[in-house]
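Numbered per full-length UniProt numbering, the sequence shown spans residues 1 to 179.
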Amino acid sequence: MTRRLSHFWRDRRGVSAVEFALIAPVLILFYFGMAELTEAMMAQRRLSHVASSIGDVVARDQKFTDARRNDVFSAGAVLMSPFPTTTLRMCLVSVASDATGKDTVVWSEASNAPANCPARGAVVDIPVGVLPAGQSVIMSSASYEYDSFFKFILPQTLTFRRTFYLKPRLSDQVTRSPT
1 MTRRLSHFWR DRRGVSAVEF ALIAPVLILF YFGMAELTEA MMAQRRLSHV ASSIGDVVAR
61 DQKFTDARRN DVFSAGAVLM SPFPTTTLRM CLVSVASDAT GKDTVVWSEA SNAPANCPAR
121 GAVVDIPVGV LPAGQSVIMS SASYEYDSFF KFILPQTLTF RRTFYLKPRL SDQVTRSPT
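1. Nearest to G76 by alpha carbon, out of Q44, V106, K151 and I54?
2. Tell me which residues share the same chain as M139 and place their Cβ nearer than 6 Å to its Cβ, disregarding the 5 neighbours each side in the sequence.
3. Report the three-state DSSP secondary structure of L166 (helix, strand or coil).
4. From this set, A17, G14, R162 and P84, which residue's C-alpha is nearest C117's C-alpha?
5. Let me make sure I understand the geometry here. Which of Q173, T157 and S6 has the alpha-carbon closest to that of G134?
6. Using a 10 Å radius around the Cβ and a threshold of 16 neighbouring Cβ atoms, would you call P168 buried or exposed?
7. So what's V57 in DSSP terms, helix, strand or just coil?
8. Pull up the distance between the alpha-carbon of D103 and that of V123, whole angstroms please.
9. Using CA atoms only, rank isn't needed, just tell me which of S108, M34 and A99 is closest to R176.
10. From which residue to which residue does the alpha helix (DSSP H) around T2 run?
11. Could you say if the stretch 12–24 and the stretch 140–152 meet the contact criterion of at least three C-beta pairs nearer than 8 Å?
12. Residues bridged to Y144 by DSSP?
13. Does the Cβ-Cβ distance between L158 and A40 come in under 8 Å?
14. Here's a check: name, in chain order, each residue in its chain whose Cβ is nearer than 8 Å to the Cβ of R79, leaving out the five neighbours to either side.
15. By the three-class DSSP mapping on this structure, what secondary structure does S171 have?
16. Relative to the C-alpha of T38, which candidate in E19, L170, T179 and F149 has its C-alpha closest?
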């Protein structure tokens, strides 16, 4: 019996399998964790791209129409692909500052009804470095609720938000017109 026990103790044939069985769960956890975090970072970058792009398109206009609004929001949804756009919320706001520095919303358009989109006539606080007195700016904001596919590392929904301020390029202020 002692001889068999010492022979068993010196046998190294299963060491690799045992080491793999101990390390494999940790490696799989790292793999899926990195995959989930990478997907979340990609969604966040796409959201930044959406918010900056829709604001940039509007800042290049002199007049913002209903047809243009539909096109801009459709383009924003396309830019978010391959992620689902059911939780994508977009907001475009024209803010003008009077001579005293009071920032007022001139017009506001939203897609998928974001909660933080200010209404027309609302007073907002935009830093003076972004909006000096007597000028206007286009504020584009977007939010996205990212829901992980695996839900292993990120079981809860993450909400990403981005806001960009762009000065109108072709006029002092982008006006809103139905047609």
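Just so you know, even glycine gets a beta-carbon here, dropped at the ideal spot from N, CA and C.
Quick answer:
1. Reading the sequence shown from its first residue, position 76 is the one you call residue 76. Considering only alpha carbons, the answer is I54.
2. Against the sequence shown, residue 139 aligns to sequence position 139. Same-chain partners within the cutoff: V93, V95 and Y165.
3. Along the sequence shown, read from residue 1 onward, the residue named residue 166 stands at position 166. Three-state DSSP puts L166 in a strand.
4. Along the sequence shown, read from residue 1 onward, the residue named residue 117 stands at position 117. Nearest option by C-alpha distance: R162.
5. Counted from its first residue, the sequence shown places residue 134 at position 134. Nearest option by C-alpha distance: Q173.
6. Along the sequence shown, read from residue 1 onward, the residue named residue 168 stands at position 168. It is buried - the Cβ of P168 has at least 16 other Cβ atoms within 10 Å.
7. Counting from 1 along the sequence shown, the entry for residue 57 is found at position 57. Helix at V57.
8. For the purposes of this step, residue 103 is taken as the residue at position 103 of the sequence shown. For the purposes of this step, residue 123 is taken as the residue at position 123 of the sequence shown. If I take the Cα positions, the gap works out to 6 Å.
9. Residue 176 sits at position 176 when you count from the first residue of the sequence shown. Of S108, M34 and A99, the residue nearest in Cα terms is S108.
10. To locate residue 2, count along the sequence shown from 1; it is residue 2. T2 to R10 is the extent of the alpha helix (DSSP H) around T2.
11. no
12. As a first step, residue 144 is located in the sequence shown; it is residue number 144 there, counting from the start. Its beta-bridge partners are F160.
13. Mapped onto the sequence shown, residue 158 falls at position 158. Mapped onto the sequence shown, residue 40 falls at position 40. Yes, the pair counts as a contact, with Cβ atoms nearer than the cut-off.
14. By 1-based counting over the sequence shown, the position of residue 79 is 79. Looking at the sequence itself, residue 79 is Leu, so the reference to Arg does not match. The answer, listed in chain order, is R46, H49, V50 and S53.
15. Taking the sequence shown and counting its residues from 1, the one referred to as residue 171 is at position 171. Here S171 sits in coil by DSSP.
16. By one-based count along the sequence shown, residue 38 stands at place 38. Checking every option, the nearest Cα to that of T38 belongs to F149.
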